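A short write-up of the structure that comes next.
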Amino acid sequence: MKSALTDACTLKLNNFEGPFDLLFFLIEKNKIDIYDIPIFEITEQYMEYLAAMQELDLEIASEFLVMAATLLHIKSCMLLPKHDEKDAEELDPREELILKLVTYKKYKEFSEILKDREAAWSKVHYKLPEIIPVIQQEEELEVSPVILRQCMMEVLNRSRERMSNDSRKMQRILDQERVSLRAKVREILGILAKGIKFCFSKVFSPLTRSRIEVATGFLALLEVVKMGRASVDQPVAFGDIYVTPEKPKKKRENRETEKESDLA
Amino acid sequence: MDCETIIEAVLFASGDPVPLEKLAEIIEKDKKTTRGILANMQYKFEHSARGIMLRELDGLWQLCTKPELDIYIAKLGALRKKPGLTQAAYETLAIIAYNQPVTRAYIEQVRGVNSDSVIMTLMERNLIREAGRDDAPGRPKLYETTDEFLRVFGFSSLRELPPLEMNEIPEAVETLPTD
Amino acid sequence: MDCETIIEAVLFASGDPVPLEKLAEIIEKDKKTTRGILANMQYKFEHSARGIMLRELDGLWQLCTKPELDIYIAKLGALRKKPGLTQAAYETLAIIAYNQPVTRAYIEQVRGVNSDSVIMTLMERNLIREAGRDDAPGRPKLYETTDEFLRVFGFSSLRELPPLEMNEIPEAVETLPTD
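Chains as they are written, first to last, in my numbering: chain Z, 9 to 272; chain X, 11 to 189; chain V, 11 to 189.
Here it is, written out as structure tokens:
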């Protein structure tokens, strides 16, 4: 093989698309079997080419340097003595490179075919389009019952979510404000059961209870009085109301009054 | 190479009218011969099942489509736009379909957004129509789906609407506040 | 009205490739019948003294001049010849054509060199386009060839790409002599 340096100088130096392109060129030039690359010669020629590029002050793309490193690595691997049979069966260090080169070759060949076809078909000429007015045509709607149903479910779910957001807010208010008459009646009866007299405004103090609670408490008190379980006394108009427990009346009568209060 | 073949290709590629002189130069004939060839071509185009014809405009020659084929060419310009429905339209249509007749207020309650323009679109598409007025205060308009709705969705009657499983239907809808 | 007449006029007026579906719709035939009519027309154009021919591009149909008439059309002048592609562009296009949709990383792996600007050029020439993103980490863009690729290189569909015979590679590698 001749020195590649002289050759390389005559080459259009930056004509190679990449390291594969250059390697491929060297392989073709030396009429080498791509499946049996003499790595020592190829590496040498490749390095000489890079050196030539450097001499000419051409910028060497990093890919070319990576390939140089790869070639040198393969070369050193092949220089290592093989220890035993097993090593011999191991992968040829060139294999990966060869695979890549063969693949590259296929596409390079096809790119030649593309070039030829392009040349052939560039002889075909087309006509510029006429100006054709665009008519907006209303065509059949593309709809789906499945989507209709799905949208219904989505909108309902969204509605539910929105509602539950609203009702959660409402609930929070109601949680604070909801006062059941029955609960208040039970509360008052509970106090009366202890047999003690109490001041209504102390138990249902506006300081500790909401307005609704106080009002409901008052209604509950009236219920309790109606039931005959307590008597009330208000010594001063608009003053404190004192509640005194009363003995329950006959059972039957009780039940009736309780029923009434249920209805109320 | 046949002169008619060349002229057809040249006029086709040009698109624009080409002067007789230019054509004569290309086929390497004199003007009179070229004119004869063109006239012959013109006759053949006219009297055969060709879609195009040869037209002379003041010494310029041009290929163009035959005028009677205009209606077919116009179809090229027809945008093959398969309109679908937007999510909003589907939702609104679904609410109407499943609850008809229904007021605009109800639709907006369920969707949670103003639905005026969607209802307009659905009316324009003839998928819904007005169906009298509700007895509620203000006597709001009611909406229902049309036969076109059934046809487009391929239902033979409203009973064919895909069922909504009862457990999937949120109670919220039944207890809607009338805000 | 004769279907061939209509198709000729429509394709002439269009200039651009027209989908089979559109032609079928215009002549009011089914796709199969339309394809038959087109094949018949194609044959007739080819075997008569016509200057134009009918070509298919992946289901799209277009009229164009016969390639052998190029020399005459060139005499019209003003032919807009696009500059040729670089070697790198052909290589990249070859890799994309056979592996589409394909990532930039794959192209660079095969070519052994950065291919950003080549891909940009091919995109500008409308020979390739983006085709979504790969599922791989980083979700890299995918590239595929366009109808313009088919048109420029004279394929009626990607199925016409000549086989690459990649299958011969593995065997060859297995029988590597150990130098």
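Note that the Cβ used here is the ideal one computed from N, Cα and C, for glycine as well.
This structure is a prediction, so every number in the text was calculated from the model and none was measured.
What residue range is occupied by the uninterrupted alpha helix (DSSP H) comprising residue i?
{"i": "X/Asp157", "result": "Asp157 to Phe163"}
{"i": "V/Gly46", "result": "Lys41 to Glu56"}
{"i": "Z/Thr111", "result": "Glu103 to Trp129"}
{"i": "Z/Gln53", "result": "Ile47 to Glu63"}
{"i": "Z/Arg194", "result": "Leu189 to Ala201"}
Which residues in chain V have a C-beta closer than 9 Å to the C-beta of residue i? List them in chain order.
{"i": "Z/Lys108", "result": "Gln119, Val120 and Gly122"}
{"i": "Z/Phe28", "result": "Val120, Arg121, Gly122 and Val123"}
{"i": "Z/Thr296", "result": "Look at the range of chain Z in this structure, 9 to 272, and you will see that residue 296 of chain Z is not part of it."}
So that I know if they touch, is there some Cβ in chain V lying closer than 8 Å to that of residue i?
{"i": "Z/Lys123", "result": "yes"}
{"i": "X/Ile105", "result": "no"}
{"i": "X/Gly148", "result": "no"}
{"i": "X/Ile138", "result": "no"}
{"i": "Z/Glu71", "result": "yes"}
{"i": "Z/Met61", "result": "no"}
{"i": "Z/Met55", "result": "no"}
{"i": "Z/Glu25", "result": "yes"}
Looking at chain X, is there any beta carbon in it that lies within less than 8 Å of the beta carbon of residue i?
{"i": "Z/Lys135", "result": "yes"}
{"i": "Z/Met161", "result": "yes"}
{"i": "Z/Arg157", "result": "yes"}
{"i": "Z/Ile140", "result": "yes"}
{"i": "V/Leu70", "result": "no"}
{"i": "V/Leu79", "result": "yes"}
{"i": "Z/Pro153", "result": "yes"}
Use the C-beta contact count for residue i: other C-beta atoms within 10 angstroms, 16 or more gives buried, fewer gives exposed.
{"i": "Z/Gln62", "result": "exposed"}
{"i": "V/Val112", "result": "buried"}
{"i": "X/Ala49", "result": "exposed"}
{"i": "V/Ile81", "result": "exposed"}
{"i": "Z/Met160", "result": "buried"}
{"i": "Z/Ser218", "result": "exposed"}
{"i": "Z/Met75", "result": "buried"}
{"i": "X/Gln119", "result": "buried"}
{"i": "Z/Lys39", "result": "exposed"}
{"i": "Z/Lys210", "result": "exposed"}
{"i": "X/Ser24", "result": "buried"}
{"i": "V/Pro173", "result": "exposed"}
{"i": "V/Phe165", "result": "buried"}
{"i": "X/Met130", "result": "exposed"}
Which residues in chain Z have a C-beta closer than 7 Å to the C-beta of residue i? List them in chain order.
{"i": "V/Val162", "result": "Glu126 and Trp129"}
Counting only beta-carbon separations shorter than 8 Å, does residue i have a partner in chain Z?
{"i": "V/Gln97", "result": "yes"}
{"i": "X/Ala182", "result": "Any reading at X/Ala182 must be qualified, since the residue scores a pLDDT of 42, below 50, and its modelled position is unreliable; no value is offered."}
{"i": "V/Leu132", "result": "no"}
{"i": "X/Gly94", "result": "yes"}
{"i": "V/Tyr100", "result": "yes"}
{"i": "X/Tyr108", "result": "yes"}
{"i": "V/Asp189", "result": "Confidence in V/Asp189 is poor, its pLDDT being 41 and thus under 50, which makes the residue's placement too unreliable to answer from."}
Can you list the residues of chain V that residue i reaches, using a CB-CB cut of under 8 Å?
{"i": "X/Leu86", "result": "Val20, Ala23, Ser24, Val28, Lys32 and Ile36"}
{"i": "X/Tyr82", "result": "Met11, Ile16, Ala19, Val20, Ile36 and Ile37"}
{"i": "Z/Pro89", "result": "Here the premise fails: no neighbours, minimum Cβ distance about 13 Å."}
I'd like to check one pair, residue j with residue i: are the Cβ atoms closer than 8 Å?
{"i": "X/Arg121", "j": "X/Glu101", "result": "yes"}
{"i": "Z/Ala228", "j": "Z/Val193", "result": "yes"}
{"i": "V/Val7", "j": "V/Leu70", "result": "In this structure chain V extends from 11 to 189, so residue 7 of chain V is not present and cannot be described."}
{"i": "Z/Val132", "j": "V/Cys13", "result": "no"}
{"i": "V/Asp26", "j": "V/Ser167", "result": "no"}
{"i": "V/Ala34", "j": "X/Ile83", "result": "no"}
{"i": "Z/Cys207", "j": "Z/Asp248", "result": "yes"}
{"i": "V/Ile16", "j": "X/Phe22", "result": "no"}
{"i": "Z/Phe72", "j": "Z/Pro27", "result": "yes"}
{"i": "Z/Thr51", "j": "Z/Lys83", "result": "yes"}
{"i": "Z/Ile47", "j": "Z/Lys113", "result": "no"}
{"i": "V/Gln97", "j": "Z/Glu25", "result": "yes"}
{"i": "Z/Phe212", "j": "Z/Gly225", "result": "yes"}
{"i": "V/Ile138", "j": "V/Phe163", "result": "no"}
Using the beta-carbon of each residue, which ones in chain V are nearer than 7 Å to residue i?
{"i": "X/Lys76", "result": "Ala19"}
At 8 Å on the CB atoms, spell out the chain X contacts of residue i, in chain order.
{"i": "V/Ile47", "result": "Ordered by position in chain X, no residue passes the 8 Å Cβ test against V/Ile47, which lies about 12 Å from the chain."}
{"i": "Z/Ile193", "result": "Reading off the sequence, residue 193 of chain Z comes out as Val, not Ile. Ordered by position in chain X, no residue passes the 8 Å Cβ test against Z/Val193, which lies about 29 Å from the chain."}
In chain X, which residues lie with their C-beta within 9 Å of the C-beta of residue i?
{"i": "V/Arg65", "result": "The premise fails here: V/Arg65 is roughly 13 Å from chain X at the closest Cβ pair, so nothing lies under 9 Å."}
How would you list, in chain order, the residues of chain Z whose beta-carbon sits under 8 Å from the beta-carbon of residue i?
{"i": "V/Pro172", "result": "Phe118 and Ile121"}
{"i": "V/Leu73", "result": "Tyr134 and Lys135"}
Quick one: give me the first and last residue of the beta strand (DSSP E) that residue i is part of.
{"i": "X/Ala141", "result": "Ile138 to Arg143"}
{"i": "Z/Val240", "result": "Ala238 to Asp241"}
For residue i, which residues in chain X fall below 7 Å Cβ to Cβ?
{"i": "V/Leu168", "result": "Here the premise fails: no neighbours, minimum Cβ distance about 24 Å."}
{"i": "V/Ile129", "result": "Neighbours of V/Ile129 on chain X: none; closest Cβ ~32 Å, over 7 Å."}
What in chain Z is Cβ-close to residue i, meaning under 9 Å?
{"i": "V/Glu56", "result": "Chain Z residues near V/Glu56: none, gap ~13 Å exceeds 9 Å."}
Going along chain C, which residues have a C-beta under 7 Å from residue i?
{"i": "V/Ala59", "result": "The structure shown contains no chain C; its protein chains are Z, X and V."}
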